[in-house]
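Residue numbers (our numbering), protein chains in the order written: chain E, 854 to 1157; chain G, 854 to 1157.
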């Protein structure tokens, strides 16, 4: 992972245009446009056994989640698709892509197809273009005194991945993993009043730590407040270990944001999970006191 | 290849937005913006032995060539990059990308990095965004009576690939393969006066056939007129077979266009190679008469 960090650091030195936001944000912001590009790879971001329509959904959703985090309205995508010789899979993917594009009212503008050697893992890329509102929040604006919030529930997709790996029953956990819902409406409502916002893709704690670092502030998170679904609690409970697993699992595609303003009415649950203070870094506590941070706070540089 | 054609046909049915131009053009055209996304894969579009800086150049150049074909001025790119565990290669790639971006005055806006399993071929994607002029030519506008032109020389990159495969000497043929030059200035000068324009990426004849089909016209190409470089002629001669090899080789990244207007002064050679007539399809002749078309006119659906 150090190599990946080195690579991204090197890219940052050449991404000097203000629109790139130093490659530290979820998307590029260029005039009215908000633009992101995320890739997903078989065996890395999805399982070979995942249904192709769900892979198409995820490819779109992870990109739209980046636009949601900037309060942008999605308009269009361009796709890079790797064919690996399975025509039935490809046909099912196109059907799923069609349905996903229709669900979010997004146009397919173009892209490219390459035929990879047999046996190579599929690699799919998508560029999503949206329009931002009057304010396009960054990750870097959190202020001491702000509250920290997260939308939806955390940890479901991580547990859903286990379900998928064990060929478990369909249900909301599996759906959370395979068909995440980008919080587009909430992002657009929140953009005018937040000081910082990003999507939670790699894990709540690692993403909170990134926001704290970008903002030059200390994030205090109360683990007991991290919202868990009933399905999650039914399987894992809600003790410290279960909550820490949820908070470091990734693939949530919820919005993490800070503000000291009153919240608008949203179409999704929102939970206050902590407080921004002067200082730097991330501290986590629960009703029993300080919670030691695990070595790994989430996925490093998975970054979709 | 039929599978790839089927896949693209299926995508066309869902790409109904006018900006997509039916997925039959080199790029999407949306308001002032011209946007393209091309991927290149190791072992497909470049050799594992190609220098990483040249791969970076090619990734950028093949996308900028699409913009050139629409007369657009490139502004920015987003990149999807697959790490496969070779940090030295990755570092050299970033250096090469930096130099290539600087050469064309293009900004890096963002992108994504994924770590692929060891042994997987590298897959690199790039989205390039440019601004179009008052007219953005399509592939579909060629009219009976127009002359057919091509910029530069044809076949050099195809021969350069052979040089690279055989570890031959550096020279202009190898450079044509590894570091193609997108004809950006010519594209911008030509866009106002052409009836149709595209870049020659898959082979002169297959691309001419595509333009003829999109335009609903007959393209008559004079093989003797296809411009060959001195380096090409020195190796292959200029008889019918050598010319046919050049005209079906691909990777030229020259501009193919039609017009009945006088040409502006360009910064590259331009050669009249034929005539648009009423009818449909492609016919090729030389001083000895009609030239039978080979089974394969170029790369099918390589499409960068």
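Note that the Cβ used here is the ideal one computed from N, Cα and C, for glycine as well.
Of all the options G:1150, G:925, G:951 and G:1096, which has the alpha carbon lying nearest to the alpha carbon of residue 984 (chain G)?
The count along the second chain starts at 1 and reaches residue 984 (chain G) at position 131. Closest by alpha carbon: G:925.
Once DSSP output is grouped into helix, strand and coil, what is the label at residue 890 (chain G)?
Start at 1 with the first residue of the second chain, and residue 890 (chain G) comes out as number 37. Note: residue 890 (chain G) maps to strand in three-state DSSP.
Bridge partners for residue 1042 (chain G) per DSSP, in chain order?
Here residue 1042 (chain G) refers to the residue found at position 189 when the second chain is read from its first residue. Per DSSP, none; premise fails for residue 1042 (chain G).
Tell me, please, whether the CB atom of residue 1101 (chain E) is closer than 7 Å to any CB atom in chain G?
If you number the first chain from 1, residue 1101 (chain E) lands on position 248. It does not; no Cβ of chain G falls within 7 Å.
Please report the distance separating the alpha-carbon of residue 1133 (chain G) from that of residue 1070 (chain G).
Numbered from 1 along the second chain, position 280 holds the residue referred to as residue 1133 (chain G). Numbered from 1 along the second chain, position 217 holds the residue referred to as residue 1070 (chain G). Approximately 5 Å, taken between the alpha carbons.
Would the region 943 to 951 of chain E count as touching the region 1058 to 1074 of chain E if we require 3 or more Cβ pairs under 8 Å?
no
Establish whether the CB of residue 964 (chain E) and some CB of chain G are separated by less than 7 Å.
Taking the first residue of the first chain as 1, we reach residue 964 (chain E) at position 111. Chain G contact via Cβ: present.
By a C-beta neighbour count over all protein chains shown, 10 Å radius and 16 as the cutoff for buried, is residue 1005 (chain E) buried or exposed?
Residue mapping note: residue 1005 (chain E) aligns to position 152 of the first chain, counting from 1. Residue 1005 (chain E) comes out buried.
Check whether the region 916 to 933 of chain G touches the region 959 to 967 of chain G, taking contact to mean three or more Cβ pairs, one atom from each stretch, closer than 8 Å.
yes
So, does the region 1145 to 1152 of chain E touch the region 1097 to 1104 of chain E, judging by three or more C-beta pairs under 8 Å?
yes
Three-state secondary structure assigned by DSSP to residue 1068 (chain E):
In the first chain, counting from the first residue as 1, residue 1068 (chain E) sits at position 215. In this structure, residue 1068 (chain E) counts as helix in the three-state DSSP scheme.
Opposite residue 935 (chain E) in the DSSP bridges: which residues?
Looking up residue 935 (chain E) in the first chain gives position 82. The partner list for residue 935 (chain E) (beta bridge, DSSP) reads E:967.
Beta-carbon separation of residue 873 (chain G) and residue 881 (chain G) under 7 Å?
Mapped onto the second chain, residue 873 (chain G) falls at position 20. Mapped onto the second chain, residue 881 (chain G) falls at position 28. Yes, Cβ-Cβ distance for residue 873 (chain G) and residue 881 (chain G) is below 7 Å.
Does the Cβ-Cβ distance between residue 977 (chain E) and residue 1051 (chain E) come in under 7 Å?
The residue you call residue 977 (chain E) lines up with position 124 of the first chain. The residue you call residue 1051 (chain E) lines up with position 198 of the first chain. No, these two residues do not count as a Cβ contact at 7 Å.
If you follow the beta strand (DSSP E) that residue 1143 (chain G) is part of, which residue opens it and which one closes it?
By 1-based counting over the second chain, the position of residue 1143 (chain G) is 290. Per DSSP, residue 1143 (chain G) belongs to the beta strand (DSSP E) from 1142 to 1144.
Return the CA-CA distance between residue 920 (chain G) and residue 889 (chain G), expressed in angstroms with no decimal places.
On the second chain, position 67 is the one that residue 920 (chain G) refers to. On the second chain, position 36 is the one that residue 889 (chain G) refers to. Looking at the two C-alpha atoms, the distance is approximately 7 Å.
Let me see if you follow: with CB-CB separation under 7 Å, is residue 1176 (chain G) close to chain E or not?
Outside the displayed span of chain G (854 to 1157) sits residue 1176 (chain G), for which this structure offers no information.
How is the alpha helix (DSSP H) around residue 1096 (chain G) delimited, first residue to last?
As a first step, residue 1096 (chain G) is located in the second chain; it is residue number 243 there, counting from the start. It spans 1093 to 1100 - the alpha helix (DSSP H) in which residue 1096 (chain G) sits, taken as one unbroken run.
Can you find a C-beta in chain G that's less than 7 Å from the C-beta of residue 992 (chain E)?
Numbered from its first residue, the first chain carries residue 992 (chain E) at position 139. It does not; no Cβ of chain G falls within 7 Å.
Three-state secondary structure assigned by DSSP to residue 926 (chain G)
The residue given as residue 926 (chain G) occupies position 73 in the second chain. Note: residue 926 (chain G) maps to strand in three-state DSSP.
Complete runs of the alpha helix (DSSP H) confined to the region 992 to 1040 of chain G [at least 4 residues]:
1009 to 1018 and 1025 to 1031
Same chain only: Cβ atoms within 8 Å of residue 971 (chain G), ignoring 5 sequence neighbours per side
To locate residue 971 (chain G), count along the second chain from 1; it is residue 118. So the qualifying residues of the chain are 937 and 938.
Answer with yes or no whether the minimum CB distance from residue 967 (chain E) to chain G is below 7 Å.
As a position in the first chain, residue 967 (chain E) is number 114, starting the count at 1. It does; some Cβ of chain G falls within 7 Å.
Under 7 Å, Cβ to Cβ, is there at least one residue of chain G near residue 957 (chain E)?
Here residue 957 (chain E) is taken as the residue at index 104 of the first chain, counted from 1. Residue 957 (chain E) does not count as touching chain G.
Indicate whether the contact test is met: 3 or more Cβ pairs, each with one atom in the region 1011 to 1022 of chain E and one in the region 893 to 906 of chain E, closer than 8 Å.
yes
Extent of the continuous alpha helix (DSSP H) to which residue 942 (chain G) belongs
Indexing the second chain from 1 puts residue 942 (chain G) at position 89. First-last of the alpha helix (DSSP H) with residue 942 (chain G): 940 to 957.
Which residue from G:1123, G:915, G:952 and G:986 puts its Cα closest to that of residue 883 (chain G)?
Within the second chain, residue 883 (chain G) is the residue found at index 30, counting from 1. It is G:986 whose Cα lies nearest to the Cα of residue 883 (chain G).
Would you mind reading off the limits of the alpha helix (DSSP H) that contains residue 1083 (chain G)?
For this step, residue 1083 (chain G) is matched to residue 230 along the second chain. First-last of the alpha helix (DSSP H) with residue 1083 (chain G): 1083 to 1089.
Can the beta-carbon of residue 1095 (chain G) be found less than 7 Å from the beta-carbon of residue 1025 (chain G)?
For the purposes of this step, residue 1095 (chain G) is taken as residue 242 along the second chain, with counting starting at 1. For the purposes of this step, residue 1025 (chain G) is taken as residue 172 along the second chain, with counting starting at 1. No.
Taking 7 Å as the CB-CB limit, is residue 947 (chain E) close to chain G?
Position 94 of the first chain, counted from the first residue, corresponds to residue 947 (chain E). Yes, because at least one Cβ of chain G sits closer than 7 Å to the Cβ of residue 947 (chain E).
Spatial neighbours of residue 1140 (chain G) within its chain, please: CB distance less than 8 Å, with the 5 preceding and 5 following residues excluded, ordered by chain position.
Stepping through the second chain from its first residue, residue 1140 (chain G) is reached at position 287. Cβ neighbours of residue 1140 (chain G) beyond the five flanking positions: 1077.
C-beta atoms of residue 1158 (chain G) and residue 1053 (chain G) nearer than 7 Å:
There is no way to answer for residue 1158 (chain G), as the model of chain G reaches only from 854 to 1157.
Just to confirm before moving on: does the CB-CB distance between residue 1123 (chain G) and residue 1074 (chain G) stay below 7 Å?
One-based indexing of the second chain puts residue 1123 (chain G) at position 270. One-based indexing of the second chain puts residue 1074 (chain G) at position 221. Not in contact: residue 1123 (chain G) and residue 1074 (chain G) (Cβ atoms no closer than 7 Å).
From G:955, G:878, G:950 and G:887, residue whose alpha carbon lies closest to that of residue 911 (chain G)
Taking the first residue of the second chain as position 1, residue 911 (chain G) is located at position 58. Comparing Cα positions, the closest option is G:950.
Whether residue 969 (chain G) touches residue 932 (chain G) by CB criterion (7 Å):
On the second chain, residue 969 (chain G) is found 116 positions in, with the first residue counted as 1. On the second chain, residue 932 (chain G) is found 79 positions in, with the first residue counted as 1. No.
Once the 5 residues before and after residue 1155 (chain G) are set aside, which same chain residues still bring their CB inside 6 Å of it?
Position 302 of the second chain, counting from 1, holds the residue named residue 1155 (chain G). Bear in mind that the predicted position of residue 1155 (chain G) carries a pLDDT of just 46, short of 50, making it unreliable; the figure below should be weighed with that in mind. Excluding positions up to five away in sequence, the list reads 1055.
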